[in-house]
Amino acid sequence: MVHGKSAETLLELRNISFSYRMRKGDRLLVFNDLSMVISYAEFIGIAGPSGCGKSTLLRIMAGLLKPDSGEVYFRGGPLNNPDPRISMVFQNPTLLPWYTVIKNVMLGLIHEKGLTDREKEERARAFLDMMGLIGFENAYPAELSGGMRQRVAIARALVSHPDLLLMDEPFSNLDQLTAITLRREIENLWLNQILPISSIVLVSHDIEELVEISDKIIVLTSRPSRVAGVINIDLKRPRSRRSQEFYEYVDDVYTLLS
Ligand SMILES: Nc1ncnc2c1ncn2[C@@H]1O[C@H](COP(=O)(O)OP(=O)(O)OP(=O)(O)O)[C@@H](O)[C@H]1O
Ligand SMILES: [Mg+2]
2 MVHGKSAETL
12 LELRNISFSY
22 RMRKGDRLLV
32 FNDLSMVISY
42 AEFIGIAGPS
52 GCGKSTLLRI
62 MAGLLKPDSG
72 EVYFRGGPLN
82 NPDPRISMVF
92 QNPTLLPWYT
102 VIKNVMLGLI
112 HEKGLTDREK
122 EERARAFLDM
132 MGLIGFENAY
142 PAELSGGMRQ
152 RVAIARALVS
162 HPDLLLMDEP
172 FSNLDQLTAI
182 TLRREIENLW
192 LNQILPISSI
202 VLVSHDIEEL
212 VEISDKIIVL
222 TSRPSRVAGV
232 INIDLKRPRS
242 RRSQEFYEYV
252 DDVYTLLS
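Its first residue numbered 2, the sequence shown is counted upward by one per residue in the numbering used here.
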């Protein structure tokens, strides 16, 4: 929680179950009666064993997948479809290769029927500026580094001023230095309330990354996945990885994971 704002619910999963339908009619049960709450102004980290359903969870939160049973509530109402107020960033930036950088970011404004092309372009430019990409507006994705492509994908996710940003291992395909820099930038933009988003959900395999950035870490079990535990990270920001307290939190997460 930031600034002691009251913990109003932004998104809630209530008793959801979800399975994938496999060939031959088999089902792969991913969630069985999973519940969780994301509050306004919260940075949530999600950790869990490989294959436990973290990406599936984000797709359900985004309204891209429907649970078999249970409900998803967003801003107090049922979420039945993708909502333009929820944006997602994937592990591999999903940019359209035949569009320039600025056109890719403008795709994030496709639902904004009230804006002229000129206004969309201005807004896209502002977010490219925020992500340090001014000068690359007319470049094509293939001309950019992996880190820059992910910056474009983040700009596209933010340009619509979503309430909720879902990030599925967004830094894990970047070299370490790029990953650290980009993560710090996102953290600072969010903490300084420069980003027009209320809450962020970050899925990561990197437990130290999660402890460094999250208000709260939700740890999932292996499939069918449940909440193994929720850890509130009560450390001042910016957080130093050198402190003993920091590693106590890291240990707490590992304990829940094992
Ligand atoms: N489209 C699909 N059809 C069938 N099974 C799927 C599909 N997508 C994922 N799965 C299976 O569902 C389970 C959960 O997958 P998911 O990708 O959500 O896990 P994850 O926690 O994100 O994994 P990772 O840590 O590897 O990213 C896995 O066993 C996976 O093989
Ligand atoms: Mg995944």
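Built from N, CA and C at the ideal position, the CB exists for glycine as well.
Runs of the beta strand (DSSP E) lying entirely within the segment 25-72, each at least 3 residues long, are 28-40 and 44-48 in chain order. Here ARG22 is exposed. Its C-beta has fewer than 16 other C-beta atoms within 10 Å.
Residue pairing by DSSP places LYS217 opposite ILE45 and ASN233 in a beta bridge. If you draw a straight line from the Cα of SER56 to the Cα of SER244, it comes to about 31 angstroms. Close CB contacts of ASP34 within its chain, under the 8 angstroms cut and outside five residues either way in sequence, are with ASN16, ILE17, SER18, GLY71 and ARG227 (chain order). Residue pairing by DSSP places PHE137 opposite no residue, since no beta bridge is assigned to it. Contact between SER199 and LEU175 fails: their C-beta atoms lie close to 25 angstroms from each other, not under 8 angstroms. DSSP, read as helix, strand or coil, puts PHE19 in strand. A distance below 8 angstroms separates the beta carbons of VAL251 and VAL212.
The Cβ atoms of MET107 and ALA158 lie no closer than 8 angstroms to each other. Taking C-alpha positions only, LEU183 is separated from MET149 by approximately 10 angstroms. For MET89, the secondary structure class from DSSP, reduced to helix, strand or coil, is strand. A straight line joining the alpha-carbon of ILE234 with that of ASP216 spans about 5 angstroms.
GLY230 and LEU29 have their alpha carbons spaced roughly 23 angstroms apart. Contact annotation: LEU12 and PHE91 have beta-carbon atoms that are not nearer than 8 angstroms.
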